[in-house]
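Here the structure comes first, spelled out in structure tokens, and everything after it is commentary.
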Ligand code: CTP
Ligand code: MG
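In this note's numbering, the protein residues as written are 16 to 244.
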């Protein structure tokens, strides 16, 4: 099934405390946005890519993404993540009815194999996302005290890309906006309709770059890999 990627890069990156939005910061000499886009370029299940960026960065994003042959659009995002997703969905090709993958440009080290696994799973079952198991024991905390210890085997951290049959995600987004729900990921919109979302194994390399220490971690991972190559 043909698959469309929506690359989200319209956030401000406040927790990074940098002079520019984090998708435009370099990692191993390449902006995060370009690295993420090249992973989708390399994934055989992906036909087309739309990048969602801050309004003021449209020209720069188009320049950065020049080498990406699957790129079909650079569009301006909105104030919340879910507004940016909606902008991306609005710019899908007319009558598109394949699978759409929504991905954080802030996860630049995503592997093409994970992208293809999410596409495959979403086209079979309707909705899929990568989830990474937790290593720490997890507590529910209330007012500075432990309320309970949760069963870690049932918990995991949601990653992107999250994949959906296009009509399913568009319908779920319409419902979420109508009901004024705040979404922290795309799967949430589909879950609240009672639809099944299938889990594929997440990847530790696919960590989200949120704070300066995440960028330092990614830089040293790339250096290590270069030294080994
Ligand atoms: N994002 C977006 N539009 C928004 C908010 C977020 O496209 N209005 C994107 C970000 O660019 C990022 C991804 O969603 O690739 C994950 O969000 P997050 O890590 O929270 O990034 P930022 O919102 O940029 O960072 P912060 O929350 O620290 O400001
Ligand atoms: Mg944010």
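Cβ coordinates follow ideal geometry from the N, Cα and C atoms, glycine included.
Are there any heavy atoms of the ligand CTP lying less than 8 Å away from the beta-carbon of residue i, as far as the coordinates show?
i	result
residue 3	Limits of the chain in this structure are 16 at one end and 244 at the other, which puts residue 3 out of reach.
residue 98	yes
residue 115	no
residue 37	yes
residue 93	yes
residue 119	yes
residue 183	no
residue 223	yes
residue 67	yes
Could you tell me whether any non-hydrogen atom of the ligand MG is closer than 8 Å to the CB of residue i?
i	result
residue 26	yes
residue 29	yes
Hey, would you say residue i sits closer than 9 Å to residue j, going by beta carbons?
i	j	result
residue 68	residue 83	no
residue 149	residue 133	no
residue 66	residue 76	yes
residue 237	residue 40	no
residue 108	residue 19	yes
Do you know offhand how far residue i's Cα is from residue j's?
i	j	result
residue 86	residue 242	31 Å
residue 165	residue 172	14 Å
residue 178	residue 142	6 Å
residue 93	residue 106	14 Å
Determine, using beta-carbon pairs with one atom in the region 214-234 and one in the region 30-48, whether at least three such pairs fall under 8 Å.
yes
Does the region 43-62 touch the region 208-218, meaning 3 or more C-beta pairs lie closer than 8 Å?
no
Count Cβ pairs between the region 179-186 and the region 105-120 that sit closer than 8 Å; are there 3 or more?
Using a C-beta cut-off of 8 Å, the region 179-186 makes contact with the region 105-120, since at least three inter-stretch Cβ pairs fall below that distance.
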